Amino acid sequence: LADWQSVNPVYGRTVNPYDHSRTPGGSSGGAAAALASGMVPLELGSDIGGSIRFPSNFCGTYGHKPTYGIVPLKGHTFPGTDGVDIPLAVVGPMARRAEDLSAALQVVAGPVGGGWKLDLPPPRRTKLAEFQVLMLNAPGLPPVDSEVAGPMAALLDELVRRGVPIKVHEAQLPDILAAHEAYLRLLNTAILRGMPDARPIDAHAYMDLLDAQLHYQQKWERIFGDFDVILAPTFSTAAFPHTDEPDWGKRTLRVNGQDVPYASQLIWAGLATWPGFPSTAVPLAKTKDGLPTGMQVIGNLYDDRTTLAFAEALQREGLAL
């Protein structure tokens, strides 16, 4: 848990079906590996720091991080950890086909008991050529390996050729780096809660974070007035080799021949996690070594059916794996 690998002393290491020397991702890496190897047709994962999207990216499968709060966490956490819902954390479906994500979400989303009913809005569009698309391009984001950026650029060119309205720069983007710092503070609070050495956060600081989260959502909602979906990398690389280094601060990833900090990849997770937005991981291509790579499709709050519809359209048109 709490890693982009899947290994523990009881069951051992889970490997990537495409290359056993590499990670399937985590913490839902076993789910993605089972899907990619044909063991199961459908899976559930959890995501607070990319744990649905990153394994999907590494194993060439589809995964959906739902809007925060629409899928109950009850029954997903292990005994002894069930309490109030964890801030930022979601449970969502994983599958080999985009359309299966929609079917699964229909089943798992909604309240635990009575009293209210979830009624997600229909997709804004269903035909690929009708989607209004923003390709995220903001300063300060981590470098992306050419074998990840290349397929995304090729997709962009093909969408333009097909007449899809696309913009690659938006001057009114919120401050993503400042939001990332706030995301990390709340993420660490959620993950470290109850641990012996954890530093507690006071109620005032917690409410300040929730205020910052709301203001960030509101800024993005204005962007989503002009765009249906936002496309961004899921991770800067394809699946990386297993590592047993326990200290994240000492881990690195190779991106275009250069070492980058391991934890830098949290910014890709936080793009959708911090504001609570839905995000669908879509496999696009394979590297020269045969490893899957992909992107994430981000939508506005409760526009889960829109990101799923875009993923389905890409797969239907042969533009995704």
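Convert by adding 2 to the 1-based position in the sequence shown; the result is the number in my numbering. Where is the CB? At the ideal position from N, CA and C, for every residue including glycine. Note that the structure is predicted; figures quoted are calculated from it, not measured.
query: Count the other CB atoms within 10 Å of the CB of residue 182; is the residue buried (16 or more) or exposed (fewer)?; result: buried
query: What does DSSP give as the partner residue(s) for residue 137 in the beta ladder?; result: 233
query: Here's the rule I'm using: 16 or more other beta-carbon atoms within 10 Å means buried, otherwise exposed. How should residue 45 be labelled?; result: buried
query: Is residue 96 buried or exposed, if buried means 16 or more other CB atoms sit within 10 Å of its CB?; result: buried
query: According to DSSP, simplified to helix, strand and coil, what is residue 150?; result: helix
query: Please state whether DSSP places residue 72 in a helix, a strand or coil.; result: coil
query: Excluding the 5 residues flanking residue 102 on each side, which residues of the same chain have their C-beta closer than 8 Å to its C-beta?; result: 43, 44, 64, 95
query: DSSP state of residue 18, grouped into three classes?; result: strand
query: Contact between the region 166-179 and the region 136-146: three or more CB pairs below 8 Å?; result: yes
query: Do the region 271-290 and the region 47-57 touch if we need at least three Cβ pairs shorter than 8 Å?; result: yes
query: According to the Cβ coordinates, are residue 231 and residue 301 closer than 7 Å?; result: yes
query: Would residue 306 and residue 69 be called neighbours here (beta carbons separated by less than 7 Å)?; result: yes
query: Pick from 158, 199, 195, 288: whose alpha carbon is nearest that of residue 316?; result: 158
query: Beta-carbon separation of residue 34 and residue 61 under 7 Å?; result: yes
query: Compute the distance between the beta-carbons of residue 242 and residue 255, then report whether it is under 7 Å.; result: yes
query: In three-state DSSP terms, what is residue 13?; result: coil
query: Count the C-beta pairs between the region 207-226 and the region 182-196 that are closer than 8 Å, then say yes if the count reaches three, no if not.; result: yes
query: Compute the distance between the beta-carbons of residue 240 and residue 273, then report whether it is under 7 Å.; result: no
query: If residue 265 sits next to residue 250, beta carbons under 8 Å apart, how far is it from one beta carbon to the other, in whole angstroms?; result: 5 Å
query: Does residue 217 come out as helix, strand or coil in the three-state DSSP assignment?; result: helix
query: Report all residues from its chain with a CB closer than 6 Å to the CB of residue 19; omit the five preceding and five following residues, and keep chain order.; result: 35, 38, 39
query: Hey, out of 149, 72, 130, whose CA is closest to residue 113's CA?; result: 72
query: How far does the beta strand (DSSP E) with residue 47 in it reach, from first residue to last?; result: 44-49
query: Is it the case that the Cβ atoms of residue 31 and residue 8 are separated by a distance below 7 Å?; result: yes
query: Inspect the beta-carbon positions of residue 131 and residue 98 and report whether they are closer than 7 Å.; result: no
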